[in-house]
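Here the working numbering = 1-based position in the sequence shown + 903. We put the beta carbon where it would ideally sit given N, CA and C, even for glycine. Because the structure is a prediction, the values reported are computed rather than measured. Read through the structure below, which is laid out as structure tokens, and then see the notes.
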Amino acid sequence: MLSRLSNVSSDDLVSFMALSSSESDTHTTSTTSSVTISGSTKRRRIKTKIPRTRPHIRVYPKLFSVLTVISVLIAFFTGYFLAAIQRRTDWFLPYISDGGAFSPEANIFGIFLCSGGFFWVCTVFFVHIRINMHIRSNQHHIIPLFQRLVIYFMDIIGISSGIGVVIVGSVPETINITYHFFGALLAFGGGVLYLWVFVILTMRLKPEYAPRWLSILRLSVVIISTISFITPFTNFIPRYYENGTRIPRPFPTKPGQIQRYPWGSATHSLYLLNTVFEWIIGLCFVFMIFTMTYELNSFSLSTTGLREKYYRHHRETLREIRRQLRGSKKVQSSDD
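Below is the structure:
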């Protein structure tokens, strides 16, 4: 063993010992080691500043679901109160988008709703990581093809929902109603599909052992959201007065202004049907996103940085030392 290490300098051994220590410790240490060089034993005190593996950024996923809820609620209620105070809308449940039709409420509505869309896309990403980690840990790091496709589909509709939220916040209904409706369809339609997949996966896979009451409550909220999403489409069914005249369908805006209907009219009843279910589905989404903190509370993410300069400088030398040490252990075991 001594003859095999005779051509290795003491500096190389010191470097190897420092690297070995760095893999098991993250602080500056002072060690006393016996170094055997060319048949002589020298005892020296080696003080090494170990290359540290430290987290640069630590991310708590549950924070993003909470930020989504806070941003969306601020956008909803700030726009609603400012628009109602200025008498641009009715006090009793106008469209959510009416709070973002005109300045100054449109500016606040757009900023916070777009922020909520961004935080929601981040939440979708973290939910993907959580479910992926759970499946890999329980199935020997293998994800079946069907589950992989379901997770990818879940990611696509979740990101589409977030993009729809950003479109709704960026394009007021008084500027371009077509793009605004398209964004709302992406936000609500993609959101409903995402929540269904999320509830089914969490009930089957159980990434966190949620209590039974939470699973039942989530399922009930998703069913209510689905009904609230489908029911307003019944306004496209033609309705008529007793004299055969068709009841006009409620339309949220005229060019440059918010459309309002007189109380007690048939059109106003259809208008309330739309607005009530829109608020229900919006608040159901907020509640479901908040409950995702239960699954996202069990882990955190961090980016780490290694001092690569040290490894580049000693890479070849350390590889040679490892090979010689492995060879010396084999010789020693054969001698024994």
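query	result
Assign T1137 to one of two classes, buried (16 or more other C-beta atoms within 10 Å of its C-beta) or exposed (fewer than that).	exposed
Apart from the five residues on each side of it in sequence, which residues of its chain come closer than 8 Å, Cβ to Cβ, to S982?	Looking at the sequence itself, residue 982 is Gly, so the reference to Ser does not match. So the qualifying residues of the chain are I999, D1001, G1002, G1003, E1008, A1009, I1011, F1012.
Here's the rule: buried if 16 or more other CB atoms are within 10 angstroms of the residue's CB, otherwise exposed. What is S1201?	exposed
Helix, strand or coil, according to DSSP, for R961 in the structure here?	strand
Does the Cβ-Cβ distance between S1063 and G1093 come in under 8 Å?	yes
Might you give, ordered along the chain, the residues of its own chain that have their beta carbon closer than 8 Å to the beta carbon of S1203, omitting 5 neighbours on each side?	R961, V962, Y963, P964
Of all the beta strand (DSSP E) runs that stay within the bounds of the stretch 956-1039, which reach a length of 3 or more residues?	957-962
Entirely within the stretch 1045-1089 and at least 4 residues each: give me those alpha helix (DSSP H) ranges in chain order.	1048-1073
Could you compute how far the alpha carbon of V1179 sits from the alpha carbon of R1039?	42 Å
Could you pull the DSSP bridge partners for S1118 from this structure?	Bridge partners of S1118: none, in fact.
The alpha helix (DSSP H) that contains S1172, what's its start and end?	1169-1194
For R1121 versus T1170, is the C-beta distance shorter than 8 Å?	no
Would a C-beta distance cut-off of 8 Å place C1017 and F967 closer than the cut-off?	no
Between M1191 and V1095, is the Cβ-Cβ spacing less than 8 Å?	no
If contacts are defined as beta-carbon pairs under 8 Å, then A978 and F1015 qualify, I think. What distance do you get, rounded to the angstrom?	4 Å
Measuring straight from C-alpha to C-alpha, what distance separates V1102 and H1083?	28 Å
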